[in-house]
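Before any comments, here is the structure.
Residue numbers (full-length UniProt numbering), protein chains in the order written: chain G, 1 to 543; chain F, 1 to 621.
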């Protein structure tokens, strides 16, 4: 394997510090193609410590005397410190980590080598494939159909092979609508809200351009959407850009749907932060969270000026807007920004969590992420190339998915009984999105995943999460199915910093973990006592 | 009542504080001798005690009527619109009168009658016995004794009658020291740590000026130091900022000169005075009362109010105190200026960190009785019970409760009580419904004959104990545990449930606390059922010792038997409705969401900014 060229040292003696609460580990350090290993010897617990090199976001080395120190800042926001014997060894290890952690090739990445016990390649990639959902909607509504127009990814490289579109629109019209939308992302169904008979759609921006081009097939498609909903239904187009930004986009070929061309549809602008400003917001928040000595005023000032919680607020209230339009106004909603692969997905997926009880279950949430993020073409590879610590010049990085997880965390805090998954699930998703032994978040879209044969050559995260030993960490012990919509409060007083994530590197684990352990205990006690019966010895007659 | 001109006004609108859409509830407003009551069309009642009213404001007349804004001391804000200006004016005037009583005798507590007889009332007052508490701490003992010097309030009017002092401190020393201390508040014992033999003592600032000395005072401090065999030196904590303490020297007051006192370690801890705290809270309330508040304005307001900075300062001081005792076994003398505000905060919080007893429901009551009520925290002035000097009002006790809340957040299993308990106590320091917090010191309370004329709050809280229990509390792990809170800035959060207690729309829609509470209760009940059933089986078995037990009989005692199953499921049903209540509040119905303005938008030609509020109007209680 060509990794060998990048590994400059065999092994070294080192001590590892993993944070203020955990005891240091001392042992033999060694590097493989994908991992940093520390073996403290057979008697110690744990007897082996492993770090996926892809998880390393930034590396800092210092040498003094005849030893050195390497500080690894990980993409999952943990900070690790290695004290290594020998200057040469330190430098070699640092160089090896640098080289190996920045490899960009997908097919040599760890998921292609990961073969865990208990999982077989070719196991179901996901247990509730999105096609099933689409088929169900098509069956229930009779106004929608599953189209295979994108079978070879020719209409839209960032869509999956199967998409769901109005029954009244044929594949050739889809092709023309695709040419009229950025990235070929023609309007497709994202969610069908059965109680109101309305639908949630997503797309890329229309390519109206300075000449104000129109596309009759695209117009027809949106007309068919309204016709397929209840009679007299109207629609909202939620544009995630400001009116100015949308207007400006026209200069570069993009734009918005002209009102006259789309009767029955009304456009609303709800600007959401994206791209580099969002990444900077994330970086500044993490920076602020790393400073233990700062005064109260400084901390509050930094919390304010990084604007992260403002983004959370804007996102949540826009998602509520979309959800309310459907549930109460009985209107169909189309969401798009520019490309339709970032803030658009934030809104469509959150709106579903608010409205749809099924998406709040363990299986439903996984399906939602597979359908609305992975298959909907959120470019994970580009967005999650670096996390908050990297010194590399940001290119396409943006913590859109993290913002989604934060919003879900806020929902979970406000409705602690209504989500079947707990904080552990959200943390796991965050970690796996940035560095994972599983293939689920590899590549930027289905087309790339097909080319890399991700489905046949790697394991799916969803099978990984199904293993019984993971369950306690991921589940919410207090879950009670809640058939209603859950409307969160987006007031600043109701939002909180997600400490379990942002303070994980600097802060000892919240004592609430202990409390949750107690909650688990109470809940399992409950199950035990409810299920138990008088013991046999007491009920059986004596001999 | 002579102040009430209008007792009932109809067609009054109650606006939602945070709504931008002017949605309102229409109902009837009633004015009684003790409460302002609003009953809306759904028969939901909003009661506002006159004593809770901090300010009433009549705004400029609008087309729909005359707006009346009432701000309460428990941080409720209500905004009424009264159709006729005359009515509004009458109510406004009445409330101004009723909310600011001139005499103690007009306070609610003197007319409140919970239908208890005299014996019950007296038992209520005897529930918390401070002599018992000092005994629990281990005093009197060979080093500390009960002093009768203040038995008739001769030395210090604002101290209790019973004071504990070092055994070697003679009466002349005490008297001499008291003359050298502001308001005569000489150093006395507040908390004794039995295993470390170290003490928390409290006093007021010395009248040292630039150079004055007092040998008796120096002796008394030495006596405190000597009463601790474990450590030669003691700490003297001045809880004020250094600058304030120095300024006091010009007025003939000040702080201890380390050269004059042997073996003391002097320390300033920098908690601001009551005026700074009052205006800080004022700023905080202004910020979080803003309609349509943005995240940035919220945090910059939180920062500029300085409120959390002050909370952290109090907490840091308490930690310093607890560490001196727990780690160094050193006694600590705490004072500020008069020794009844910051000193009470630091002494009580320090004790709370050191002693798990104070983290129980009853222990917390004892702590408040001891460090706040008996040592003369001026509740009536600080809470503005009577119409008095507004400059004496300050949220000192509120800050103490907030510090305790922060501790409960950091140590979710360390406290027997929950947040509701703290909120309830806060409610009652202002309500004047019970006698505990009326008056400014014990002497005044005795003169008011509170124990004869009013009721004590504590038995009522204990009677409702179930509501205030923390389901996660584990008393085992707390034995002798000293809490060591982390005061890194991240750990201080805005206490939404206090400052927005009545703004239900801002709160989580589901309560983990309630559900765990229920689960816990169900567990206990089910375990008891199992035990009952098992013992029934055993009884039957014993009766059947001949071994002719028939299958039918056996079956009849197992839970499958219809009769027993019925009782079991009945019990479950009794518990279930609570769950159902929780469940029904989870989501929201369409009617609850302010959507009307959105529908209008549709018909308008211009795409306007749509302002929607989400998840509002979930009235969860």
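C-beta atoms are modelled at their ideal positions from N, C-alpha and C, and glycine is treated no differently.
For residue i, list the residues DSSP reports as bridge partners.
i                     : result
residue 237 (chain F) : F:267, F:334
residue 202 (chain F) : F:188, F:334
residue 328 (chain F) : Residue 328 (chain F) pairs with nothing; no bridge assigned.
residue 71 (chain F)  : F:55, F:77
residue 70 (chain G)  : G:61, G:82
residue 24 (chain F)  : F:15
residue 235 (chain G) : G:265, G:332
residue 45 (chain F)  : F:39
residue 145 (chain F) : F:165
Under a three-way DSSP split, which group does residue i fall into?
i                     : result
residue 8 (chain F)   : strand
residue 359 (chain F) : helix
residue 6 (chain G)   : helix
residue 153 (chain F) : coil
residue 197 (chain F) : coil
residue 211 (chain F) : coil
residue 290 (chain F) : coil
residue 214 (chain G) : coil
residue 224 (chain G) : helix
residue 113 (chain G) : coil
residue 519 (chain G) : helix
residue 441 (chain F) : coil
residue 540 (chain F) : helix
residue 20 (chain G)  : coil
residue 27 (chain G)  : strand
Could you compute how far the alpha carbon of residue i sits from the alpha carbon of residue j?
i                     : j                     : result
residue 453 (chain F) : residue 430 (chain F) : 18 angstroms
residue 196 (chain G) : residue 327 (chain G) : 6 angstroms
residue 80 (chain G)  : residue 212 (chain F) : 57 angstroms
residue 137 (chain F) : residue 201 (chain F) : 14 angstroms
residue 14 (chain G)  : residue 29 (chain G)  : 6 angstroms
residue 316 (chain G) : residue 107 (chain F) : 47 angstroms
residue 397 (chain G) : residue 48 (chain G)  : 32 angstroms
residue 313 (chain G) : residue 495 (chain G) : 8 angstroms
residue 406 (chain G) : residue 498 (chain G) : 7 angstroms
residue 428 (chain F) : residue 394 (chain F) : 16 angstroms
residue 91 (chain G)  : residue 160 (chain G) : 45 angstroms
residue 488 (chain F) : residue 261 (chain G) : 57 angstroms
residue 229 (chain G) : residue 37 (chain F)  : 47 angstroms
residue 246 (chain F) : residue 257 (chain F) : 11 angstroms
residue 322 (chain G) : residue 75 (chain F)  : 33 angstroms
residue 483 (chain G) : residue 350 (chain G) : 16 angstroms
residue 23 (chain G)  : residue 371 (chain F) : 40 angstroms
residue 410 (chain G) : residue 193 (chain G) : 23 angstroms
residue 438 (chain F) : residue 386 (chain F) : 10 angstroms
residue 111 (chain F) : residue 117 (chain F) : 14 angstroms
How would you list, in chain order, the residues of chain G whose beta-carbon sits under 7 angstroms from the beta-carbon of residue i?
i                     : result
residue 492 (chain F) : 296
residue 145 (chain F) : Here the premise fails: no neighbours, minimum Cβ distance about 41 angstroms.
residue 515 (chain F) : 417, 478
Could you list which residues in chain G have their beta carbon closer than 9 angstroms to that of residue i, in chain order?
i                    : result
residue 74 (chain F) : Correct list: empty, because the minimum Cβ distance to chain G is about 17 angstroms.
residue 79 (chain F) : Chain G residues near residue 79 (chain F): none, gap ~17 angstroms exceeds 9 angstroms.
Considering only residues of the same chain and omitting the five flanking positions on each side of residue i, which have a CB-CB separation below 7 angstroms?
i                     : result
residue 180 (chain G) : 206, 207, 215, 218
residue 350 (chain F) : 200, 318, 321, 322
residue 6 (chain G)   : 96, 99, 100
Here's a check: name, in chain order, each residue in its chain whose Cβ is nearer than 6 angstroms to the Cβ of residue i, leaving out the five neighbours to either side.
i                     : result
residue 114 (chain G) : 437
residue 557 (chain F) : At residue 557 (chain F), the pLDDT of 39 sits below 50, so the modelled position is not reliable; the number obtained from the coordinates is stated separately. Result list for residue 557 (chain F): 536, 537, 540, in chain order.
List the residues of chain F whose Cβ lies closer than 8 angstroms to the Cβ of residue i, in chain order.
i                     : result
residue 475 (chain G) : Within chain F, no residue comes near residue 475 (chain G); the closest Cβ sits about 15 angstroms away, beyond 8 angstroms.
Name, please, each residue of chain F whose Cβ falls closer than 9 angstroms to the Cβ of residue i.
i                     : result
residue 623 (chain G) : Any answer about residue 623 (chain G) is impossible in this case: the structure gives chain G only from 1 up to 543.
residue 518 (chain G) : 412, 413, 471, 472, 474, 516
Who are the neighbours of residue i on chain G, taking C-beta pairs under 8 angstroms?
i                     : result
residue 418 (chain F) : Here the premise fails: no neighbours, minimum Cβ distance about 12 angstroms.
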